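Engineer:
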Amino acid sequence: MTAATVGQVRLFGPGALLRLVFAGLLGVLTEVAGIGLVGTATWMIVRAADQPPLAALAVAIAAVRGFALVKGGLRYAERLAGHDAVLRVLADLRARAFGALARPAAGTPAVSSGDVLSRVVSDVDGVQDAVLRGALPAGVAAVVGLAGVAGVALADPAAGLVLLAGLLLAGVLLPWAGHRRTPRSAAAARGELTTATVDVVHGVADLAAYGALPAALAGTAVRARRLAALEARAATVAAVTGGAAALVPAVVAVWIAVLAGGRAAPVLALVALSVGEVVVPLAAAAVRHAELRGGLRRVRALIATAGPATAGPATAGPATAGPATAGPATAGPATAGPATARVQDAAGGPDMAGAGAEAAVEPLDEPVELVLRGVTVRYGDDLPPALAGVDLALPAGSRVAVVGPSGSGKSTLLAALAGRVPLAAGTVDGMPGGVEAWRVAGGVFADAHVFHTTVRDNLLLGRGGALAGEARLRRALTDAGLPEYADRLDDVVGEDGAKLSGGQRQRLLLARALLAAPPVLLLDEPTEGLDPAAADAVLDTALRAAGARTVVVVTHRTAQLSRFDRVVHVEDGRANVTATTG
Ligand SMILES: Nc1ncnc2c1ncn2[C@@H]1O[C@H](COP(=O)(O)OP(=O)(O)OP(=O)(O)O)[C@@H](O)[C@H]1O
1 MTAATVGQVR
11 LFGPGALLRL
21 VFAGLLGVLT
31 EVAGIGLVGT
41 ATWMIVRAAD
51 QPPLAALAVA
61 IAAVRGFALV
71 KGGLRYAERL
81 AGHDAVLRVL
91 ADLRARAFGA
101 LARPAAGTPA
111 VSSGDVLSRV
121 VSDVDGVQDA
131 VLRGALPAGV
141 AAVVGLAGVA
151 GVALADPAAG
161 LVLLAGLLLA
171 GVLLPWAGHR
181 RTPRSAAAAR
191 GELTTATVDV
201 VHGVADLAAY
211 GALPAALAGT
221 AVRARRLAAL
231 EARAATVAAV
241 TGGAAALVPA
251 VVAVWIAVLA
261 GGRAAPVLAL
271 VALSVGEVVV
281 PLAAAAVRHA
291 ELRGGLRRVR
301 ALIATAGPAT
311 AGPATAGPAT
321 AGPATAGPAT
331 AGPATAGPAT
341 ARVQDAAGGP
351 DMAGAGAEAA
361 VEPLDEPVEL
371 VLRGVTVRYG
381 DDLPPALAGV
391 DLALPAGSRV
401 AVVGPSGSGK
411 STLLAALAGR
421 VPLAAGTVDG
431 MPGGVEAWRV
441 AGGVFADAHV
451 FHTTVRDNLL
461 LGRGGALAGE
471 ARLRRALTDA
481 GLPEYADRLD
491 DVVGEDGAKL
501 SGGQRQRLLL
511 ARALLAAPPV
521 LLLDEPTEGL
531 DPAAADAVLD
541 TALRAAGART
551 VVVVTHRTAQ
561 LSRFDRVVHV
571 EDGRANVTAT
581 TG
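In terms of UniProt numbering, the sequence shown has 450 at position 450, counting the first letter as 1, and numbering is strictly consecutive.
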């Protein structure tokens, strides 16, 4: 998808444009009624000072009443028409955005669900602001401003010139300056933040299991602060330019009052003030438009990825929902990912050094013997125990297979060893003092998550985010049976490994666990998704790579059992240990 292709995507069709023009026309009439009201009322007050007969003021009195009534009615109609047009545009845009997501054209790059959330919700909603607070008021201001200048100039050319100068300053110069000074990257920053947040929420168990949660939260906080800083800057620019613009009509009115003199002066001054008020909101609207610009482009880019079947509903007129085959939608947050040291540096927050240092851990090298005594785990008071009084010794360096029917408690046993579930009764003895449980026992759990970031960053989670030499990363990948990614460390793997096959995803998780290398390596079905021969080969290399560490593997493959010293049979939350002959 080229920039030109994206640029050609129309956000609304001719039908919506007609409705918007109608709303704009009502807006112009509303403002004219307002200006007429102010002008007539001022003239009437000035004239009343001469104490003329009431009949001389009758027409003016009727006109004031008429303008006031008409203005209220027109304002209501204008709001109705404007919102109706915009809400139709939004409904249509959402349908097209969902259509593009449901049936993307061939070759469309994947967008993370967090980023999609940001595009479909806040970016599409931004169109409402862009139209109602930007395009419509700008159109109305242009027409009313020109008509106002012409009217005032007819009565007093010098006053007309002053008004023109004021309108150019408040309605063109200040909005232009505000537009230029507003940071453009807020929409992309918002997308990055939602992507990172969704990733952290989905991967929170893994982040906790590898002790990387504080760093990930710190990284997300940095993105949040960055977005807040961009929004604060935009708000400051809007306040400064909007405040300056608000002063202009008052100065213009005083100037015209002095310039015109006589009875016409108050009428001209107040009419000029009313015309000036129409352009004042444009300064804030320009800043808002600058903020929304990135979002609007992202919406266009998303719609441009629609496949041929989703050329949009009949009313949409998306002329170019054509073949989109290359390039990411926008400067997308493809590598938001968990907060590793590298990502944090890029984000540049002040507290990142601390978070990175906290994350820098080396694997524990001491041998550990864990012993479970009477361990009972319950997931709810009214539920039967998932583990019921399990006794199990895991000598240092032992190789233990855990087998049993589905739902028998195998994963819960691993969770108990890793300290991931509270024990209703019993103890896990042998944990070295002063060391977090995740550094002693960890690995691949049933709910393991692959982060929407690079292969490298996914592996580094297994080192608590600490930088590891490329050679170690490559060896972990090779040991886990994923050598094809040894030279692709910077490939982004998609949301929860969407760009990997099921088997590759599993091997990436295994590589992460091998790199973390805790003294007790827990692997919950690490070769799931591989064919039997590949599963056996990967298990062999993984067991070899684990060296002197204890390895506990949940497996359904009885053919693999000969590789273990002992087999734990789990049934209804109870464990029976048998030694193997292999
Ligand atoms: N978070 C949870 N909340 C409630 N019940 C749970 C939870 N996790 C597991 N259980 C229940 O605890 C029991 C043991 O589950 P566990 O996941 O340990 O079994 P498993 O042997 O690993 O199964 P599988 O081989 O299918 O993965 C099951 O009855 C399961 O329904």
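Virtual Cβ for every residue (Gly too), placed ideally from N, Cα, C. None of these values were measured; they are calculated from a predicted model.
If we ignore side chains and look at the alpha-carbon of each, how far apart do residue 242 and residue 193 end up?
Structural biologist: Translated into positions along the sequence shown, residue 242 becomes position 242. Translated into positions along the sequence shown, residue 193 becomes position 193. Distance between the alpha carbons of residue 242 and residue 193: 29 Å.
Engineer: Are residue 538 and residue 402 closer than 8 Å when you measure CB to CB?
Structural biologist: On the sequence shown, residue 538 is found 538 positions in, with the first residue counted as 1. On the sequence shown, residue 402 is found 402 positions in, with the first residue counted as 1. Not closer than 8 Å, so no.
Engineer: Whose C-beta lies closer than 7 Å to the C-beta of residue 504 among residues of the same chain, with five residues either side of it excluded?
Structural biologist: Counted from its first residue, the sequence shown places residue 504 at position 504. Excluding sequence neighbours, residue 504 sits near 482.
Engineer: Could you tell me how far apart the beta carbons of residue 428 and residue 364 are, in whole angstroms, since I believe they sit closer than 8 Å?
Structural biologist: For the purposes of this step, residue 428 is taken as the residue at position 428 of the sequence shown. For the purposes of this step, residue 364 is taken as the residue at position 364 of the sequence shown. Not really, about 16 Å apart at Cβ, beyond 8 Å.
Engineer: Does DSSP classify residue 78 as helix, strand or coil?
Structural biologist: Residue numbering aside, residue 78 sits at position 78 when the sequence shown is read from its first letter. DSSP places residue 78 in helix when its eight states are reduced to three.
Engineer: What residues are listed by DSSP as bridge partners for residue 569?
Structural biologist: Indexing the sequence shown from 1 puts residue 569 at position 569. For residue 569, which the question treats as bridged, DSSP gives the partners 403, 576.
Engineer: How many Å lie between residue 266 and residue 168 at the Cα?
Structural biologist: Here residue 266 refers to the residue found at position 266 of the sequence shown. Here residue 168 refers to the residue found at position 168 of the sequence shown. Residue 266 and residue 168: Cα-Cα distance of roughly 22 Å.
Engineer: Compare the beta carbon distance of residue 159 and residue 260 with 8 Å and say whether it is the shorter of the two.
Structural biologist: Looking up residue 159 in the sequence shown gives position 159. Looking up residue 260 in the sequence shown gives position 260. Against a cut-off of 8 Å, the Cβ pair of residue 260 and residue 159 comes out as a contact.
Engineer: Drop a sphere of 10 angstroms on the beta-carbon of residue 506, count the other beta-carbons inside from all chains shown, and report buried for 16 or more, exposed for fewer.
Structural biologist: By 1-based counting over the sequence shown, the position of residue 506 is 506. Flag for residue 506 reads buried.
Engineer: Whole-angstrom Cβ separation of residue 549 and residue 579, contact assumed at under 8 Å?
Structural biologist: Numbered from 1 along the sequence shown, position 549 holds the residue referred to as residue 549. Numbered from 1 along the sequence shown, position 579 holds the residue referred to as residue 579. Not really, about 20 Å apart at Cβ, beyond 8 Å.
Engineer: Taking the runs of the beta strand (DSSP E) that are 3 residues or longer, which of them lie wholly in the stretch 391-452?
Structural biologist: You should have 399-403, 425-429, 441-444.
Engineer: With a 10 Å radius around its C-beta and 16 neighbouring C-beta atoms as the bar for buried, classify residue 291 as buried or exposed.
Structural biologist: Translated into the one-based positions of the sequence shown, residue 291 becomes position 291. When all chains shown are included, residue 291 counts as buried.
Engineer: Start and end of the alpha helix (DSSP H) containing residue 190?
Structural biologist: The sequence position of residue 190 within the sequence shown is 190, counting from 1. Run containing residue 190: 186-202, per the alpha helix (DSSP H) assignment.
Engineer: Excluding the 5 residues preceding and the 5 following residue 264 in the sequence, name in chain order all residues of the same chain whose CB lies nearer than 8 Å to its CB.
Structural biologist: Taking the first residue of the sequence shown as position 1, residue 264 is located at position 264. Answer for residue 264: 155, 156, listed in chain order.
Engineer: Just mark residue 27 as buried or exposed, buried being the case when its beta carbon has 16 or more other beta carbons within 10 Å.
Structural biologist: What you label residue 27 is simply residue 27 of the sequence shown in a count that begins at 1. Burial call: buried.
Engineer: Quick check on the burial criterion: 16 or more other C-beta atoms within 10 angstroms. Buried or exposed for residue 31?
Structural biologist: In the sequence shown, counting from the first residue as 1, residue 31 sits at position 31. Buried, since its Cβ has 16 or more Cβ neighbours within 10 Å.
Engineer: Under 8 Å between C-beta atoms, does residue 228 make it to chain D?
Structural biologist: In the structure shown, chain D does not exist; there is a single protein chain.
Engineer: Find the nearest neighbour of residue 212 within the set 475, 461, 511, judged by alpha-carbon distance.
Structural biologist: Translated into positions along the sequence shown, residue 212 becomes position 212. The option with the nearest alpha carbon to residue 212 is 461.
Engineer: Would the stretch 369-383 and the stretch 412-427 be scored as touching if the rule is three or more Cβ pairs under 8 Å?
Structural biologist: Yes, since at least three Cβ pairs between the stretch 369-383 and the stretch 412-427 fall closer than 8 Å, the two stretches touch.
Engineer: For residue 472 and residue 515, which I take to be in contact (beta-carbon distance under 8 Å), what is that distance rounded to the nearest angstrom?
Structural biologist: Position 472 of the sequence shown, counted from the start, is the residue given in the question as residue 472. Position 515 of the sequence shown, counted from the start, is the residue given in the question as residue 515. About 7 Å separates the two Cβ atoms, so the contact holds.
Engineer: Could you check which residue in 239, 270, 245, 542 has the C-alpha nearest to that of residue 254?
Structural biologist: Here residue 254 corresponds to residue number 254 of the sequence shown, with the count starting at 1. Here the closest residue by C-alpha is 270.
Engineer: At which residues does the alpha helix (DSSP H) containing residue 129 begin and terminate?
Structural biologist: Your numbering for residue 129 matches position 129 in the sequence shown. Segment 124-129, the alpha helix (DSSP H) holding residue 129.
Engineer: Residue 294 and residue 186 look like a contact to me (Cβ under 8 Å); what is the Cβ gap, rounded to whole Å?
Structural biologist: Translated into the one-based positions of the sequence shown, residue 294 becomes position 294. Translated into the one-based positions of the sequence shown, residue 186 becomes position 186. Confirmed, about 7 Å.
Engineer: How long is the line joining the alpha carbons of residue 19 and residue 477, rounded to whole angstroms?
Structural biologist: Numbered from its first residue, the sequence shown carries residue 19 at position 19. Numbered from its first residue, the sequence shown carries residue 477 at position 477. Roughly 59 Å between the two C-alpha positions.
Engineer: Touch check for the stretch 32-44 and the stretch 58-76: three-plus C-beta pairs under 8 Å?
Structural biologist: Segments in contact, yes.
Engineer: Just reading off the alpha helix (DSSP H) that residue 29 is part of, what are its end residues?
Structural biologist: Locating residue 29 in the sequence shown gives position 29, counting from the first residue. Unbroken alpha helix (DSSP H) run through residue 29: 14-48.
Engineer: Tell me which residue opens and which closes the beta strand (DSSP E) that residue 10 is part of.
Structural biologist: Counting from one through the sequence shown, the residue named residue 10 turns up at place 10. Run containing residue 10: none; DSSP gives neither H nor E here.
Engineer: Our contact map puts residue 227 next to residue 190 with C-beta atoms below 8 Å; I'd like the distance itself, whole angstroms only.
Structural biologist: Stepping through the sequence shown from its first residue, residue 227 is reached at position 227. Stepping through the sequence shown from its first residue, residue 190 is reached at position 190. Between residue 190 and residue 227 the Cβ distance is about 6 Å, and since that is below 8 Å, they are a contact.
Engineer: When burial is assigned at 16 or more other CB atoms within 10 Å of the CB, is residue 236 buried or exposed?
Structural biologist: Walking along the sequence shown from the start, residue 236 turns up at place 236. Residue 236 comes out exposed.
Engineer: Mapping the DSSP letters down to three states, classify residue 133 as helix, strand or coil.
Structural biologist: If you number the sequence shown from 1, residue 133 lands on position 133. It is helical.
Engineer: One question on the structure: do residue 231 and residue 249 come within less than 8 Å of each other, judged by their Cβ atoms?
Structural biologist: Translated into positions along the sequence shown, residue 231 becomes position 231. Translated into positions along the sequence shown, residue 249 becomes position 249. Result no, Cβ atoms of residue 231 and residue 249 do not sit closer than 8 Å.
Engineer: Round the Cβ separation of residue 299 and residue 123 to the nearest angstrom and send it over; I've been treating them as touching at under 8 Å.
Structural biologist: The count along the sequence shown starts at 1 and reaches residue 299 at position 299. The count along the sequence shown starts at 1 and reaches residue 123 at position 123. The pair is a contact, with the Cβ atoms about 5 Å apart (cut-off 8 Å).
Engineer: Please report the distance separating the alpha-carbon of residue 140 from that of residue 91.
Structural biologist: For this step, residue 140 is matched to residue 140 along the sequence shown. For this step, residue 91 is matched to residue 91 along the sequence shown. Cα to Cα, the separation comes out at about 25 Å.
Engineer: Anything with a beta carbon under 6 Å from a heavy atom of ligand 2 counts; list them all in chain order.
Structural biologist: Here the bound small molecules are ligand 1; ligand 2 is not part of this structure.
Engineer: Using the DSSP secondary-structure output, state which residues sit across from residue 550 in a beta bridge.
Structural biologist: One-based indexing of the sequence shown puts residue 550 at position 550. Paired residues: 520.
Engineer: Tell me the residue span of the alpha helix (DSSP H) that contains residue 240.
Structural biologist: The residue labelled residue 240 in the question sits at position 240 within the sequence shown. Unbroken alpha helix (DSSP H) run through residue 240: 213-260.
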